[in-house]
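K.L.:
The structure is given below, and queries will be raised subsequently.
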Amino acid sequence: MTAVSEFADKLLDAVKVRQGLAPLSDTMDLDEATALDVQQAVVQARVDAGFPIVGAKLGLTSKAKQQQMSVDRPLYGWLTSDMQIDVAVPVVCSDYIQPRVEPEIAFLLGRDLEGKTVTAAQVLAATEACFGAIDVLDSRYTGYKFTFNDVTADNASSAGFVLGGTAVDPYGLDLRLTGCVLEKNGELVHTAAGASVMGHPAAAVAWLVRKLAERGQGLQAGHVVMAGGMTEAVTVAPGDTVVARFAHLGTVEIPFR
Ligand code: 0L1
Ligand code: MG
Numbered sequence: 147m148t149a150v151s152e153f154a155d156k157l158l159d160a161v162k163v164r165q166g167l168a169p170l171s172d173t174m175d176l177d178e179a180t181a182l183d184v185q186q187a188v189v190q191a192r193v194d195a196g197f198p199i200v201g202a203k204l205g206l207t208s209k210a211k212q213q214q215m216s217v218d219r220p221l222y223g224w225l226t227s228d229m230q231i232d233v234a235v236p237v238v239c240s241d242y243i244q245p246r247v248e249p250e251i252a253f254l255l256g257r258d259l260e261g262k263t264v265t266a267a268q269v270l271a272a273t274e275a276c277f278g279a280i281d282v283l284d285s286r287y288t289g290y291k292f293t294f295n296d297v298t299a300d301n302a303s304s305a306g307f308v309l310g311g312t313a314v315d316p317y318g319l320d321l322r323l324t325g326c327v328l329e330k331n332g333e334l335v336h337t338a339a340g341a342s343v344m345g346h347p348a349a350a351v352a353w354l355v356r357k358l359a360e361r362g363q364g365l366q367a368g369h370v371v372m373a374g375g376m377t378e379a380v381t382v383a384p385g386d387t388v389v390a391r392f393a394h395l396g397t398v399e400i401p402f403r
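Quick note, this note's numbering runs 146 ahead of the 1-based positions in the sequence shown.
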């Protein structure tokens with residue numbers, strides 16, 4: 147068994163038994179290229195299990211998130227069909243190891259996007275609709291303790307995502323100024339604007355497309371792209387309700403059971 151498949155199996159087993167792991171880098175050298183190979187193996191296992199790729203996510207795109215996780219640069223992962231959670235459907239905490247949530251702006255692509263020179267303007271031109279969204283994270287590492295390469299291997303802590311019920315044409319919207327208010331159990335916990343995500347959420351998506359081009363990959367029409375947490379992530383437990391209220395993009399609410 148190669149190191150890549152061994153690491154991937156550990157992460158896949160952690161999901162099955164809902165039990166956190168020590169970081170892979172504690173016991174083995176894990177460089178970024180190997181971490182991306184592990185990520186690809188983890189994602190391929192989900193695809194082979196019947197859950198196709200439906201999009202991608204960026205992580206650690208805001209200063210708030212980078213400071214929370216002690217990591218200083220963005221990363222990405224892939225979204226598979228089993229991660230889609232419909233709007234207003236309760237999320238069962240015991241389906242996860244240690245769920246957290248964060249508000250994001252999501253892009254539904256109307257055209258393929260690939261290449262080393264893609265810009266934020268081209269992302270906006272290729273976007274069918276934007277949504278207010280909530281990312282449901284679940285690190286496979288106990289206590290969310292990991293290095294950049296560990297969390298890359300863990301598919302950027304991908305676990306679930308909810309797109310709000312309001313699809314908005316991004317033309318004429320300045321997403322930098324799209325405000326978000328995050329509430330948990332009726333209390334305000336965080337506020338942010340779209341600019342917190344790498345200056346502009348579409349610039350974050352453009353960065354992702356250029357980064358994917360380094361591995362000969364790209365995004366396809368119909369893919370959903372989560373642009374990255376606008377605020378720190380918050381922990382959730384059964385009985386909690388989280389609401390993200392966005393300017394122009396509507397409200398997303400998740401009840402947790
Ligand atoms: O969506 C994200 O920002 C995931 C990045 C990985 C760090 C984390 O688990 O919070
Ligand atoms: Mg996120």
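Ideal Cβ positions, reconstructed from N, Cα and C, are used throughout, including at glycine. What you are looking at is a predicted structure, and each value in this text was computed from that prediction instead of being measured.
Under 7 Å: does the beta carbon of glycine 223 sit that close to some heavy atom of the ligand ADP?
P.N.:
For the ligand ADP, the structure offers nothing, since it holds only the ligand 0L1 and the ligand MG.
K.L.:
If we count the other Cβ atoms within 10 Å of its Cβ and call it buried at 16 or more, is threonine 180 buried or exposed?
P.N.:
On the sequence shown, residue 180 is found 34 positions in, with the first residue counted as 1. It counts as buried.
K.L.:
Quick check on proline 347: does DSSP put it in helix, strand or coil?
P.N.:
Here residue 347 is taken as the residue at index 201 of the sequence shown, counted from 1. It is helical.
K.L.:
Among Glu360, His346, Met344 and Ala338, which residue has its Cα nearest to the Cα of alanine 390?
P.N.:
For the purposes of this step, residue 390 is taken as the residue at position 244 of the sequence shown. For alanine 390, the nearest C-alpha among the options comes from Ala338.
K.L.:
Tell whether a beta-carbon distance below 8 Å holds between leucine 255 and histidine 369.
P.N.:
Within the sequence shown, the letter at position 109 stands for residue 255. Within the sequence shown, the letter at position 223 stands for residue 369. Result yes, Cβ atoms of leucine 255 and histidine 369 sit closer than 8 Å.
K.L.:
Helix, strand or coil for arginine 391 per DSSP?
P.N.:
As a first step, residue 391 is located in the sequence shown; it is residue number 245 there, counting from the start. Note: arginine 391 maps to strand in three-state DSSP.
K.L.:
Using DSSP with H/G/I as helix, E/B as strand and the rest coil, what is serine 342?
P.N.:
If you number the sequence shown from 1, residue 342 lands on position 196. Here serine 342 sits in helix by DSSP.
K.L.:
Any heavy atom of the ligand 0L1 inside 7 Å of the beta-carbon of valine 297?
P.N.:
As a position in the sequence shown, residue 297 is number 151, starting the count at 1. Yes, the beta carbon of valine 297 sits closer than 7 Å to at least one heavy atom of the ligand 0L1.
K.L.:
From serine 227 to glycine 325, what distance separates their C-alpha atoms?
P.N.:
If you number the sequence shown from 1, residue 227 lands on position 81. If you number the sequence shown from 1, residue 325 lands on position 179. Approximately 28 Å, taken between the alpha carbons.
K.L.:
For glycine 396, which option in Val235, Ile251, Val189 and Gly205 has the closest C-alpha, if you only look at C-alpha atoms?
P.N.:
Numbered from 1 along the sequence shown, position 250 holds the residue referred to as residue 396. Glycine 396 has its Cα closest to that of Ile251, out of Val235, Ile251, Val189 and Gly205.
K.L.:
Considering Cα atoms alone, identify which of Ala275, Arg286, Thr207 and Ala168 is closest to leucine 354.
P.N.:
The residue you call residue 354 lines up with position 208 of the sequence shown. That would be Thr207, whose Cα lies nearest to the Cα of leucine 354.
K.L.:
Are the C-beta of serine 216 and some C-beta of chain C separated by less than 8 Å?
P.N.:
Judged by its chain identifiers, the structure shown contains no chain C, having just a single protein chain.
K.L.:
Contact check, leucine 365 vs alanine 202 under 8 Å by CB: the rounded distance?
P.N.:
On the sequence shown, position 219 is the one that residue 365 refers to. On the sequence shown, position 56 is the one that residue 202 refers to. Leucine 365 to alanine 202, Cβ: 6 Å. Contact.
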